[in-house]
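Here's the structure, in structure tokens; my notes come after.
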Amino acid sequence: MLEKTYNPAEIEARHYRRWEEGNAFAARPESNRKPYTIVIPPPNVTGSLHMGHALNNTLQDVLIRFERMRGRDALWQPGTDHAGIATQMVVERQLDAQGISRHDLGREEFIRRVWEWKAQSGGTIIGQLRRLGASCDWARERFTMDEGLSAAVIKTFVELHRQGLIFKDKRLVNWDSKLLTAISDLEVESREVKGFLWYFRYPIDGMPERHIVVATTRPETMLGDTGVAVHPDDPRFADLIGKHVLLPIVNRRIPIVADEYSDPEKGSGAVKITPAHDFNDFEVGRRHDLEVINVFDQHASINDNAPVEYRGLDRYAAREKVVAAFEHLGLVEKIEPHTHTVPYGDRSGVAIEPWLTEQWYVDAKTLAQKPIEAVRSGSIRIIPETEKRTFFQWMDNIQPWCVSRQLWWGHQIPAWYGPDGHYFVELDEAAAQAAAKAHYGRDVELTRDADVLDTWFSSALWPFSTLGWPEQTADLKRYYPTDVLITGKDILFFWVARMMMMGLHFMQEIPFHTVYLHGLVTDEKGQKMSKSKGNIIDPLDLIDKYGADALRFTMASIAAQGRQIKLSTQRVEGNRNFATKLWNATRFCEVNGCHPVPGFDPASCKLTLSKWLIGELAQTAASVTEAAEQFRFNDMANTLYGFIWGTYCDWFLEFAKPVLQGEDQEAAAEIRAVTAWGIDRLLHLLHPIMPFLTEELYEKFIGGRSMLIGEAWPQLPASLVDAGAQAEIGWLVRLISDIRAVRSEMNVPAGATLPLLVREANAETRARLNRYGALIKRLARIGDIDAAVATVPTGSVQIVLEEATFALPLADIIDFAAERARLKKEIGKLDGEIGKIDGKLNNAAFIAKAPAEVVDEQRERREEAVATKARLGRALQQLAG
RNA sequence: GGGCGCGUAGCUCAGCGGGAGAGCGUCCCCUUCACACGGGGAAGGUCACAGGUUCAAUCCCUGUCGCGCCCACCA
């Protein structure tokens with residue numbers, strides 16, 4: 002016997018264990034089933050489950066469970082990401098607490114400590130994914146820095162280098178002066194900052210009476226100025242082109258050049274050029290062969306290239322000192338408040354400095370061509386479609402990808418340097434030695450490049466490296482390309498695009514057929530969840546309180562495409578209630594002896610009620626299946642919610658009650674079977690979204706040895722839909738609803754029983770009243786039914802349904818005025834409708850141009866409305882007289 | 001500056017060419033034997049605004065206003 006309420010906490014752990022012990026998540030490469038593959042977006046080993054994970058993994062699990070039930074060999078490939086910067090930061094912070102830095106330990110020892118940390122805490126998120134119910138094939142769990150994946154990384158690096166698609170270059174990079182590493186363009190975020198625009202006068206060499214005004218938001222960079230640019234067509238500066246400026250403070254003579262980069266509208270119209278510290282200036286400098294003078298060290302403090310009194314100053318201190326010096330010299334024209342955007346490191350949160358260094362770059366432009374084509378041709382489908390535009394916009398303008406990082410935790414770059422700086426990119430040190438010997442003609446000492454690769458480099462290989470590449474494994478052959486990739490739209494560029502590049506390059510095949518991108522989970526006000534705002538909702542708290550299924554159902558139901566996803570606890574609570582509802586419906590079955598009948602054939606049912614339920618359920622199953630196929634998770638969830646609560650519980654079970662308790666044993670037996678069959682089918686349909694609850698009910702209610710997770714997805718033919726049964730039960734539902742509404746509006750005491758008088762009922766209605774009299778009496782609190790009265794007593798409330806009028810005599814309690822008002826309102830509504838329809842029907846163009854069936858439909862609607870209005874009008878008249 | 005998207009019931013959002021929908025909230029009634037994490041009922045909307053296309057527009061097009069997000073931008 003089931004408990005009175007569903008208690009998720011006890012149940013979830015047990016079923017998860019059953020699934021794992023039963024090997025239910027395992028892919029079956031040996032089977033002849035068609036594979037269905039999803040690779041998980043590997044969470045950071047440092048991570049713990051947040052709402053984004055909860056959403057992302059719920060959706061993946063829904064699809065995996067759905068396709069598994071549909072008979073596919075489902076592989077959900079799990080694993081974690083070493084998350085270079087994030088992980089290094091975590092361990093460094095721990096060391097910091099002990100007062101040691103990674104440099105105290107040395108590289109080798111530090112890395113050992115990170116592995117140690119990983120062994121202890123790295124599994125947190127995997128445990129949390131289990132609590133969510135994720136049915137990953139855990140035996141296949143991978144890590145981006147495990148042996149096989151590391152080998153894959155080295156191989157791709159070496160091959161891309163051989164193909165000229167990875168190269169070393171000295172140019173400006175985004176330098177993070179806190180983490181002391183280069184970062185890629187994507188890791189830079191712009192923030193709007195309130196600052197100032199300083200207008201400085203630069204004296205012209207040889208023209209003591211003249212100066213040129215430049216404007217800057219970063220006065221300290223003037224220490225590295227090597228030119229001033231003006232627009233070639235700007236008359237204000239025409240005579241100064243070719244002259245030189247005597248740079249104050251530094252006393253450097255620098256040229257005034259004409260360059261179209263200079264915008265006459267901006268600032269003073271003349272722009273100072275600092276090639277070593279600005280991406281645009283770097284280009285201008287290159288065009289005019291300007292000197293590149295780097296004035297910052299790696300900490301963004303002033304270096305020895307600047308005058309001695311500035312050396313060692315932090316960039317902001319240097320800024321103040323430069324401004325003070327200009328003021329002292331009387332060379333400040335003016336200072337304006339100015340809002341502008343400044344680049345910040347997404348991890349460190351400090352302002353990024355464009356800094357001249359040598360780094361490794363991937364030729365992304367070349368690698369992007371095949372992905373662009375794949376998306377354009379539709380061989381990779383992106384959902385929602387609108388994201389395609391974003392994808393193309395980025396891919397069409399893609400810049401070289403800086404992949405080297407000055408960190409310790411990650412895949413060390415397989416490049417070895419000889420004594421003269423010549424380098425050898427090889428799979429291992431031995432190969433590098435051999436190459437070096439061939440190059441130098443003797444053995445030399447080699448030093449390995451100290452840098453590691455961007456974390457996203459190894460993630461880019463994920464769909465094939467996890468399946469065994471570079472070995473040509475059977476798994477790789479069977480499960481690649483994968484079917485769907487589900488991830489947040491915020492990592493479309495970071496990860497998705499790069500998987501396409503690497504997959505198409507190394508596998509010569511797309512990594513996945515479909516990319517499903519979901520939005521960001523925010524709080525209920527649409528605010529991004531963050532520690533500082535204190536608005537974080539921890540999914541584990543919700544799981545503890547409402548159960549994993551309630552959370553999963555919520556995620557599925559709000560996963561509408563392309564929006565930000567606002568989560569409210571209230572919704573989760575509501576969905577927990579839904580779980581309880583189904584729980585109790587099953588309990589009802591149990592209490593009433595509705596047990597599944599082996600070999601039950603829905604097509605053999607005779608009762609209209611059975612046929613109705615079966616048909617409705619068949620339609621629901623079709624909708625749910627279609628929604629799942631089209632990744633419309635919200636439709637899937639909402640369809641099931643509506644059917645289970647609104648149709649099965651609210652109506653079907655209520656209709657079933659009297660039959661189950663009635664005299665007719667044959668009918669009772671059929672209804673028992675249909676009721677149980679309905680629950681069984683619903684458990685199947687709901688399982689991908691609510692696996693724990695449904696598995697529990699399946700075990701308790703259906704019994705047997707098998708587990709629901711491995712059962713077949715319901716397939717109910719459209720032939721089970723019975724239009725006659727739908728019309729008949731639909732009529733019954735409307736009649737009962739109408740009577741209930743009238744009772745409530747007229748304040749009839751809930752317990753009072755009223756007679757029902759029916760006028761002008763045709764033969765079919767009379768037959769229906771006969772068939773469903775007991776139900777009507779029970780559900781609408783009706784006493785006797787007189788199906789053929791000629792007149793209705795004064796003081797009755799009247800309801801018009803199809804051809805018949807139903808009256809509830811309420812002489813003693815009826816409020817005449819209220820009833821007149823109700824009828825008038827109804828009539829008013831009908832008048833409005835008739836007016837609208839007449840507008841169409843009286844329009845010759847409508848008759849001529851609209852499809853015939855639309856015209857017919859409007860005519861029918863009009864007839865119905867007119868007839869109903871007439872009956873209501875009669876009722877109103879009777880009330881008045 | 002370039003791009004994308006959104007303005008529908010008090011709130012959160014579905015719907016997207018021919019009868020305005022859901023959940024939550026609100027109000028009224030009901031402890032009836034699956035469920036008060038429940039049952040029954042009700043109120044509430046010129047579908048942002050202005051034009052246009054169409055026989056017909058919440059839905060398509062254009063513009064305006066308001067709000068998000070992404071990319072670029074340190075004069």
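Numbering (the working numbering), first residue to last: 2 to 882.
We treat Cβ as the ideally placed atom computed from N, Cα and C, and that holds for glycine.
Helix, strand or coil at residue i according to DSSP, with G and I counted as helix
i	result
A352	strand
W395	helix
N304	coil
F554	helix
G892	Since the first residue shown for the chain is 2 and the last is 882, residue 892 is missing from the structure and cannot be characterised.
Y481	coil
M208	strand
L357	strand
G600	coil
A753	coil
L3	coil
W470	coil
E858	helix
C650	helix
Residue i: first and last residue of the uninterrupted alpha helix (DSSP H) it sits in
i	result
S738	A724 to E746
R113	R108 to S122
W457	T456 to S460
F1	Absent from the structure is residue 1, since the part of the chain shown begins at 2 and ends at 882.
P540	P540 to Y547
Proximity below 8 Å, CB of residue i to CB of residue j
i	j	result
L811	V749	yes
P44	S460	no
A788	R772	no
L181	Q360	no
E328	R202	no
L698	V625	no
I710	E696	yes
A375	I511	yes
W457	Q89	no
V404	Y362	yes
L717	A619	yes
L736	I777	yes
W613	A726	yes
Y7	A580	yes
Endpoints, the beta strand (DSSP E) within which residue i is located
i	result
I39	P36 to V40
T342	V333 to G346
V272	A271 to I274
S797	S797 to L802
F168	I167 to D177
F807	A805 to P810
I384	R382 to I384
H514	F513 to H519
Buried or exposed (CB count within 10 angstroms, at least 16 for buried), residue i
i	result
T47	buried
R69	buried
R673	buried
A728	exposed
G346	buried
E188	buried
Y937	Only positions 2 to 882 of the chain appear in this structure, which leaves residue 937 out of reach.
R769	buried
N57	buried
Is the segment 27–40 close to the segment 719–733, with three or more CB pairs under 8 Å? By the Cβ test, the segment 27–40 is not in contact with the segment 719–733, since fewer than three Cβ pairs between them sit closer than 8 Å.
Is the segment 404–419 in contact with the segment 152–172, if contact means three or more CB pairs nearer than 8 Å? Yes, they touch.
Are three or more beta carbon pairs between the segment 545–552 and the segment 660–680 nearer than 8 Å? They do not touch, by the three-pair rule.
How about the segment 192–202 and the segment 332–346: do they share at least three Cβ pairs that are nearer than 8 Å? Counting Cβ pairs under 8 Å, three or more are found: they touch.
Three or more C-beta pairs under 8 Å: does that hold for the segment 792–800 against the segment 865–879? These segments touch.
Taking contact to mean at least 3 C-beta pairs separated by less than 8 Å, is the segment 247–258 in contact with the segment 209–227? Yes, the segment 247–258 is in contact with the segment 209–227.
Evaluate the contact criterion for the segment 121–128 versus the segment 57–77: three or more CB pairs, one atom per stretch, below 8 Å. The segment 121–128 is not in contact with the segment 57–77.
Is the segment 136–143 touching the segment 76–87 in the sense that three or more CB pairs, one from each, lie closer than 8 Å? Here the segment 76–87 makes contact with the segment 136–143; the two share three or more CB pairs at distances below 8 Å.
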